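K.L.:
Sharing a structure with you now.
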Amino acid sequence: MRTTRITATVAGAVAALMFLSGCTARDDASPNTAEPVDSSKLVSSLPAATGEVDEVTWALVEGEPSTLDPAGDYSLAIPNLCENLLQISPDFTVEPGVATSAEWVDPVTFVIDLRDDVAFWDGTPLTADDVAFSLERNRVETSAWFPAFVLVDTIEVTGDLQVTVHFTAPDSTFRDAIAGAAGAVLSKAFVEQAGDTFGTSTGGVMCTGPYVFDEWTPGTEIVTSANPDYWGGAPLVGTLTYTFITDGATLANALLAGEVDGAFNVPPASRDNFAGSDSGRLVLGPSTASYSFGPTNSTGAGADPKIRQALSLAIDREQFIATVLHGLGEPQSTFTPPFAWAGMEAADQYTAAYDELAAPELDLEQAKQLVEESGVDTATPLVVAIPAGAKELSQTAAIIQAAGAQIGLTIEIDERQPTDFSQIFFDPAARESIDFVATVGYLDAPGVLGYAQQFLLPAELGGFFNWSGYSNDEVTADLQTARTTLDPAASADAFIAAQQIFAPDQLQVTLASAYQTTFLQNGLTGVTTSVAVYSSPWALHLGSE
Amino acid sequence: MSVAQLAGGRVAAVVRKAATRDPLVIAAVVVVVGVAVMAVFGQALAPYDPDAIYVGPVSAPPSLAYPFGTDDLGRDILSRVLAGTAPSVIGPVIVVVASSLLGAALGITAAWFGGAVDGIASRVIELIFAIPGLVLAVLAVAMFGKGLLAPTLALAIAYVPIVARLIRAGARQELGKPYMAALHIQGVGSAAICFRHLVPALLPALFAQTTIGFGYAMLDLAAISFLGLGAQPPASDWGVMIAGGQPALIAGAPEQSMFPALFVVLTVLAVNVLGARVTTWAERGER
Amino acid sequence: MNAGVVRTLAGKLGELALTLFLASVVIFSAVLLTPGDPVAALAGGIRPTPELIEAIRAQHHLDDPVWQQYLHWVGGVLTGDLGTSFVYKTDVAALIAPRIGVTVLLVLYTAVLIAIFGIGSGVVAATRGPRADRAVLIGTSIGMAMPTFVVAILLIWVFARVLGWFPVYGAGEGFLDSLYHLTLPAISLAVLYIAFFSRITRGAVVGQLHAEHVDTARVRGIPRSQIFRRHVFLNASPQILAVSGVTVAGLFATSAIAEQAFGIGGLGSLLTEAAARKDLPVVQVISLLLVVVFVVLNAVADIAIAVIDPDSAKPRRNA
Chain E
1 MRTTRITATV AGAVAALMFL SGCTARDDAS PNTAEPVDSS KLVSSLPAAT
51 GEVDEVTWAL VEGEPSTLDP AGDYSLAIPN LCENLLQISP DFTVEPGVAT
101 SAEWVDPVTF VIDLRDDVAF WDGTPLTADD VAFSLERNRV ETSAWFPAFV
151 LVDTIEVTGD LQVTVHFTAP DSTFRDAIAG AAGAVLSKAF VEQAGDTFGT
201 STGGVMCTGP YVFDEWTPGT EIVTSANPDY WGGAPLVGTL TYTFITDGAT
251 LANALLAGEV DGAFNVPPAS RDNFAGSDSG RLVLGPSTAS YSFGPTNSTG
301 AGADPKIRQA LSLAIDREQF IATVLHGLGE PQSTFTPPFA WAGMEAADQY
351 TAAYDELAAP ELDLEQAKQL VEESGVDTAT PLVVAIPAGA KELSQTAAII
401 QAAGAQIGLT IEIDERQPTD FSQIFFDPAA RESIDFVATV GYLDAPGVLG
451 YAQQFLLPAE LGGFFNWSGY SNDEVTADLQ TARTTLDPAA SADAFIAAQQ
501 IFAPDQLQVT LASAYQTTFL QNGLTGVTTS VAVYSSPWAL HLGSE
Chain W
1 MSVAQLAGGR VAAVVRKAAT RDPLVIAAVV VVVGVAVMAV FGQALAPYDP
51 DAIYVGPVSA PPSLAYPFGT DDLGRDILSR VLAGTAPSVI GPVIVVVASS
101 LLGAALGITA AWFGGAVDGI ASRVIELIFA IPGLVLAVLA VAMFGKGLLA
151 PTLALAIAYV PIVARLIRAG ARQELGKPYM AALHIQGVGS AAICFRHLVP
201 ALLPALFAQT TIGFGYAMLD LAAISFLGLG AQPPASDWGV MIAGGQPALI
251 AGAPEQSMFP ALFVVLTVLA VNVLGARVTT WAERGER
Chain X
1 MNAGVVRTLA GKLGELALTL FLASVVIFSA VLLTPGDPVA ALAGGIRPTP
51 ELIEAIRAQH HLDDPVWQQY LHWVGGVLTG DLGTSFVYKT DVAALIAPRI
101 GVTVLLVLYT AVLIAIFGIG SGVVAATRGP RADRAVLIGT SIGMAMPTFV
151 VAILLIWVFA RVLGWFPVYG AGEGFLDSLY HLTLPAISLA VLYIAFFSRI
201 TRGAVVGQLH AEHVDTARVR GIPRSQIFRR HVFLNASPQI LAVSGVTVAG
251 LFATSAIAEQ AFGIGGLGSL LTEAAARKDL PVVQVISLLL VVVFVVLNAV
301 ADIAIAVIDP DSAKPRRNA
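Chains as they are written, first to last, in the UniProt record's numbering: chain E, 1 to 545; chain W, 1 to 287; chain X, 1 to 319.
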């Protein structure tokens, strides 16, 4: 019987597919080990390389930058090109860099002395003029780095290699800030000549970093090469090419196949594949990155601290870390991550205060009660916005949704394309239709005040993300004191006093801190593997073992 | 017995005849009925809440408790496949129904009036045919944003030419037959000829094309969801599940992608088998 | 070349131009039908000042009558000025140019696979007895239900996880390395079409095997292989060619799926990405490009059919 046999064969083929798909034996018992990592084993940098490498291809998980202008976008390609005045070491301490010294000479005067052997890629020497220009460029209200300059009165060139910054009040955060991109050094002549095209694929950039910008093919790659005249010694890598791979599965494939030499922020979901790779290795480092969600307007349910507390109580952090981070992170008690102060003078004080904060816990009964007390209309769904394509945040949103369901809150997920998502941050109208925004945030430079100022102060004092209208005079006063007190211990005391008040209000419901993940092919070494990659030339010591 | 009844009876006879002689068709019918049941009762049949996370361990392999395993958030894949049937099936249904209606109207109009009307209709058909369905769907997404509605409507338009061409050719052939002239002479009204005689005669071919079109529409819509342009996570649409399971795939947990993929393949396979058989029998029936 | 062929050619060219014109109008009108103001997209997310709005409207001719805007767009496309991407703020031409090569290579590779395995298995099914026929029928039944993305994930799983013979990411560098990299993507694209071509070829060849002229040739004692080449296959080829144009053109669109799955930076992945980000200028240009490819390839196939079999030039399909 012809037809019967065809039926049997088709059925057999389908069965074979089924067998292939689900019923094959696993290599290991579970594909998802989410074992916790011993945080004392975290590595902030790999040993410096000794051998030269012609070409290294690095994948940028954050995708293609919109610009290479350090003031315009966050891209891991930028720190190797454009240096900041001070350097951030992998352990998050601040060291001299282009500036040999940058110190307070009196409570309102800050003097920056520059190295005399620094040149831009085109050979022109770096002068105080360039530095003053670069700082002024960030001291405009539209700049993302403006908060660092709010207390600055004037910036003055006081020598060929000296810039003096005059302040209206002492600023304990300024020195750390100019170790970040707020202190990025650009060529004045080049920026002025390039005009609007500065930082774009056609205009390029002109900086002093260890790698020289060569070519940017939009949508494909950015090519950079070793700066032979770098003041810190030429890098060992001849050509460092950046490709853009935002899809986690694609990135994991590319890394495991050896098509790409390395990447930061690799997807935790592929932890086991990375760990089992013969060709490369996964390195875990300390980070300031954390997963959190916070309110977006002052009228919705998200603005009610009771709702945030309730959601916080309904989310199992251990489960979150095991599922979303595959064990590559740890619980965090407040939005300011401990690594932010790891390199600061008053680190012990901050740590002691942090340890006293209530750790997040799971308590559904109390959560339900808080929802009831809040009097919020639970029939209206709450909307959580997340950027599209980020698997971890999509999972985070699903977890928030499930937590809401358990305590009687209906939560909807609004996945937004990059442009629509970034709109949330500068357009109040875009925030009206949503209640929360869930993000992964990180601090690119040391300092404890960054988040606190942005989330808690009134808008006119720097509370750019204080969308829920949080207002507490005591907190405001303490935070202002912390900023304008140059003595580290006294500044820490003021911050800690504020933190004790604001932490329970959960202006951000912090879900976990994530370790810095780096995947690097065997044979290569020398990269920074802590969160310092965002603001230091992390590929300076890259090369072969 | 009128022509309409003859034609109408033919479809049923074709299916009956096919089924008795061909077990493959029986298998295909079983699958199609199964999928239809899943589409209607999927949510109710699901052993767990398809959107509930941590109903089991995360990324667990298939077991008695979780026959298809669980996904990266500990959701039950079987429940999600069941709940995902309706959204995965409704789109293709809309595509084939809309494109069949539009295509048949266009094809019959062109054949009926001929001349300039036919010329214009043929040009419209040519034009739509020149824009690949996937491209039209992607263009719709670029215009109206992600989601299944815009691509579904775009595909409905993109599928019109195939139906229109088929119906136009069939209608011309039918209109050329002697009985049509006889009906005219008998004084039967145009509307009556069209709807009581012409349309029923074209139904078998239309039915066959609709069946085949369903399979293609399902693949196209699943592809659009796979590309991230259609249904959005955490929806339990099959295409979304296939795409979402990719990281797990290389981590050695293929079931997150494979089970929804299996259902796409099975459904399309069954529908294709039915479509091919119905076409064959419809053609033989005409001779 | 006889008169029939020339007439077909001229007619084809006219049709081609008309279809392209109408398609360009449809694609252009996407801007008009899109909800929201294009100025907002062009301003790139920042809330534009009235002066900026003014400048953008002037720069992009948004205040001109619609037909002038259309002429400006089409004129630009014809002269190589493809407009500016909403997202990248660069020339669309600069975005597209470096990506065409890899997509063309992928499509050609796929077409070769389809030709070899699709036509090959069709011929086998038609000529090598019922056993082979049945085997091919089963294979094609399954193949026709195997969409690109399912084959792609199966291949990725098998090769990334189990075998590791072929790379599962990227397009490679240099011709041979590119072929090596594009093997799995090409297979994933080809499977469905191989099944489809196999069916078409089988049908066409079976039809010819029983044709009168083939029987005559057999009686005249012409060798089997020659009969097959000169009588059966040549006469079956118009039916195969008729779907070839549509298929190759369709591959340019479906390559988006393989490119996405295997991380290849080609035209298709750019189209997908641009659609996701609502980068309409890029989507429009790529769509138009794909339509041009479609129309031209179809015309080429029709002409080829007319050359092989001048008779077919008169009763054209659906005429």
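Ideal Cβ positions, reconstructed from N, Cα and C, are used throughout, including at glycine.
Keep in mind that this is a model prediction, so the values were computed, not measured.
1. In terms of alpha-carbon separation, which member of Leu153/W, Phe263/W, Tyr66/W lies closest to Asp49/W?
2. Tell me which same chain residues have a C-beta within less than 6 Å of the C-beta of Thr267/W, skipping the five on either side of it?
3. Under the rule that 16 or more other beta-carbon atoms within 10 Å means buried, what is Tyr169/X, buried or exposed?
4. Pull the bridge partners of Ser292/E from the DSSP assignment, please.
5. For the region 384–431 of chain E, list the alpha helix (DSSP H) runs that are entirely contained and at least 4 residues long, ordered along the chain.
6. Any Cβ of chain E within less than 8 Å of the Cβ of Ala52/W?
7. Which value, in whole angstroms, describes the spacing of the CA atoms of Ala498/E and Ala445/E?
8. Using the C-alpha atoms, what's the distance from Leu202/W back to Tyr179/W?
9. Just checking: is the beta-carbon of Pro218/E within a distance shorter than 8 Å of some beta-carbon in chain X?
10. Inspect the beta-carbon positions of Arg123/W and Met241/W and report whether they are closer than 8 Å.
11. DSSP three-state call for Ala119/E: helix, strand or coil?
12. With distance defined between alpha-carbon atoms, name the residue in Arg137/E, Leu81/E, Thr168/E nearest to Asp106/E.
13. Quick one: what's got a C-beta closer than 8 Å to Thr7/E's C-beta in the same chain, skipping five residues either side?
14. Could you pull out every residue in the same chain whose Cβ sits closer than 6 Å to the Cβ of Ala310/E, ignoring the five residues on either side in sequence?
15. Under the assumption that Met143/W contacts Thr34/X (Cβ atoms under 8 Å), give the Cβ distance between them as a whole number of angstroms.
16. Strictly below 7 Å CB to CB, what residues from chain W border Thr201/X?
17. Which residues in chain X have a C-beta closer than 7 Å to the C-beta of Gln246/W? List them in chain order.
18. By the 10 Å Cβ neighbour count, where 16 or more other Cβ atoms means buried, how is Arg128/X classified, buried or exposed?
19. Can you find a heavy atom of the ligand FAD that lies under 7 Å from the Cβ of Gly523/E?
20. Do Ile131/W and Ala158/W have their beta-carbon atoms positioned less than 8 Å apart in this structure?
21. Which same chain residues, not among the five before or five after Pro62/W, have their C-beta less than 7 Å away from its C-beta?
22. Using only alpha-carbon positions, find the residue among Thr210/W, Ala181/W, Gly239/W that is nearest to Asp220/W.
23. Could you pull out every unbroken alpha helix (DSSP H) segment of at least 4 residues lying fully inside the region 73–115 of chain E, listed in chain order?
24. If the cut is a Cβ gap below 9 Å, which residues of chain W does Ile413/E touch?
25. Need the endpoints of the alpha helix (DSSP H) that Ala86/W sits in, please.
26. If you draw a straight line from the C-alpha of Lys278/X to the C-alpha of Ala94/X, how long is it?
27. For the region 245–257 of chain X, which residues have a CB atom closer than 9 Å to at least one CB atom of chain W, in sequence order?
28. When the cut-off is 8 Å and only beta carbons count, does Ala274/X lie next to chain A?
29. Please list the residues of the region 239–261 of chain E that have a C-beta atom closer than 7 Å to any C-beta atom in chain W, keeping them in chain order.
30. Check this for me: beta carbons of Leu542/E and Ala177/E, under 8 Å apart or not?
31. Check the C-beta distance from Pro488/E over to Gly209/E and give it rounded, since I have them as a contact under 8 Å.
32. Output the distance between the C-alpha atoms of Arg277/W and Gln209/W, rounded to the nearest integer angstrom.
33. Using only the alpha-carbon positions, how far apart do Leu241/X and Asp309/X sit?
34. Restricting to Cα atoms, I'd like to know which of Ala532/E, Phe519/E, Glu545/E, Val533/E is closest to Asp278/E.
35. Between which two residues does the beta strand (DSSP E) containing residue 547/E stretch?
36. According to DSSP, is residue 572/E part of a helix, a strand, or is it coil?
P.N.:
Well, looking at it:
1. Reading the second sequence from its first residue, position 49 is the one you call residue 49/W. When the alpha-carbon of Asp49/W is set against those of Leu153/W, Phe263/W, Tyr66/W, the nearest one is in Tyr66/W.
2. The sequence position of residue 267/W within the second sequence is 267, counting from 1. Cβ contact annotation for Thr267/W (same chain, cutoff 6 Å, sequence separation greater than five): Val35, in chain order.
3. Locating residue 169/X in the third sequence gives position 169, counting from the first residue. By the neighbour-count rule (16 or more Cβ atoms within 10 Å), Tyr169/X is buried.
4. The residue given as residue 292/E occupies position 292 in the first sequence. Note: Ser292/E sits in a beta bridge opposite Thr439/E, Thr510/E.
5. Every unbroken stretch of the alpha helix (DSSP H) spanning 4 or more residues and falling wholly within the region 384–431 of chain E is given here in chain order: 391–406, 418–426.
6. For the purposes of this step, residue 52/W is identified with residue 52 of the second sequence, where counting begins at 1. Chain E, which has a Cβ nearer than 8 Å to the Cβ of Ala52/W, makes this yes.
7. Along the first sequence, one-based indexing puts residue 498/E at 498. Along the first sequence, one-based indexing puts residue 445/E at 445. Near 21 Å, if we compare the C-alpha coordinates of Ala445/E and Ala498/E.
8. Position 179 of the second sequence, counted from the first residue, corresponds to residue 179/W. Position 202 of the second sequence, counted from the first residue, corresponds to residue 202/W. Rounded to whole angstroms, Tyr179/W to Leu202/W spans 15 Å at the Cα level.
9. For the purposes of this step, residue 218/E is taken as the residue at position 218 of the first sequence. So, interface residue.
10. Mapped onto the second sequence, residue 123/W falls at position 123. Mapped onto the second sequence, residue 241/W falls at position 241. Contact flag unset, no.
11. Position 119 of the first sequence, counting from 1, holds the residue named residue 119/E. DSSP places Ala119/E in the strand class (E or B) of the three-state scheme.
12. Counted from its first residue, the first sequence places residue 106/E at position 106. Ranking Arg137/E, Leu81/E, Thr168/E by Cα distance to Asp106/E puts Thr168/E first.
13. For this step, residue 7/E is matched to residue 7 along the first sequence. In this predicted model, Thr7/E has a pLDDT of only 49, less than 50, meaning its place in the structure is not dependable enough to derive any value.
14. On the first sequence, residue 310/E is found 310 positions in, with the first residue counted as 1. Leaving aside the five residues that flank Ala310/E on each side, the residues in its chain whose CB is nearer than 6 Å to its CB run, in chain order, Ala367, Leu370, Val371, Ile407.
15. Along the second sequence, one-based indexing puts residue 143/W at 143. Along the third sequence, one-based indexing puts residue 34/X at 34. Confirmed, about 4 Å.
16. Within the third sequence, numbered from 1, the residue matching residue 201/X stands at position 201. None at all; the shortest Cβ gap to chain W is about 16 Å.
17. The residue given as residue 246/W occupies position 246 in the second sequence. Within chain X, the residues placing a beta-carbon under 7 Å from that of Gln246/W are Ile153, ordered along the chain.
18. For the purposes of this step, residue 128/X is taken as residue 128 along the third sequence, with counting starting at 1. Exposed, because fewer than 16 other Cβ atoms sit within 10 Å of the Cβ of Arg128/X.
19. Of the ligands one can find in the structure shown there are none, so the ligand FAD has no counterpart to examine.
20. For the purposes of this step, residue 158/W is taken as the residue at position 158 of the second sequence. For the purposes of this step, residue 131/W is taken as the residue at position 131 of the second sequence. Note that the C-beta distance between Ala158/W and Ile131/W is below 8 Å.
21. In the second sequence, residue 62/W corresponds to position 62, counting from 1. When the five nearest sequence neighbours on each side are left out, the beta carbons in the same chain lying within less than 7 Å of the beta carbon of Pro62/W are those of Phe68, Gly69, Glu255, in order along the chain.
22. As a working note, residue 220/W is residue 220 in the second sequence. Nearest C-alpha to Asp220/W: Gly239/W.
23. Correct list: 78–81.
24. Position 413 of the first sequence, counting from 1, holds the residue named residue 413/E. Residues of chain W passing the Cβ test: Gln232, Pro233, Pro234.
25. Here residue 86/W is taken as the residue at index 86 of the second sequence, counted from 1. Looking at the DSSP string, the run of the alpha helix (DSSP H) that includes Ala86/W is 77–113.
26. In the third sequence, residue 278/X corresponds to position 278, counting from 1. In the third sequence, residue 94/X corresponds to position 94, counting from 1. Approximately 18 Å between the Cα atoms of the pair.
27. Within the region 245–257 of chain X, the qualifying residues are Val246, Ala249, Gly250, Phe252, Ala253, Thr254, Ala256, Ile257.
28. The structure shown contains no chain A; the protein chains it does contain are E, W and X.
29. So the close ones are Gly248, Ala249, Ala252, Asn253.
30. Counting from one through the first sequence, the residue named residue 542/E turns up at place 542. Counting from one through the first sequence, the residue named residue 177/E turns up at place 177. No, Cβ-Cβ distance for Leu542/E and Ala177/E is not below 8 Å.
31. Numbered from its first residue, the first sequence carries residue 488/E at position 488. Numbered from its first residue, the first sequence carries residue 209/E at position 209. Not a contact, Cβ separation roughly 30 Å.
32. Along the second sequence, read from residue 1 onward, the residue named residue 277/W stands at position 277. Along the second sequence, read from residue 1 onward, the residue named residue 209/W stands at position 209. Their Cα atoms are separated by approximately 11 Å.
33. For the purposes of this step, residue 241/X is taken as the residue at position 241 of the third sequence. For the purposes of this step, residue 309/X is taken as the residue at position 309 of the third sequence. Each residue's CA atom was taken as its position, placing Leu241/X and Asp309/X some 11 Å apart.
34. Your numbering for residue 278/E matches position 278 in the first sequence. Looking only at Ala532/E, Phe519/E, Glu545/E, Val533/E, the smallest Cα-Cα distance to Asp278/E is reached by Phe519/E.
35. Shown here, chain E extends from 1 to 545; a query on residue 547/E therefore has no answer.
36. There is simply no residue 572/E to check, as chain E begins at 1 and stops at 545 in what is shown.
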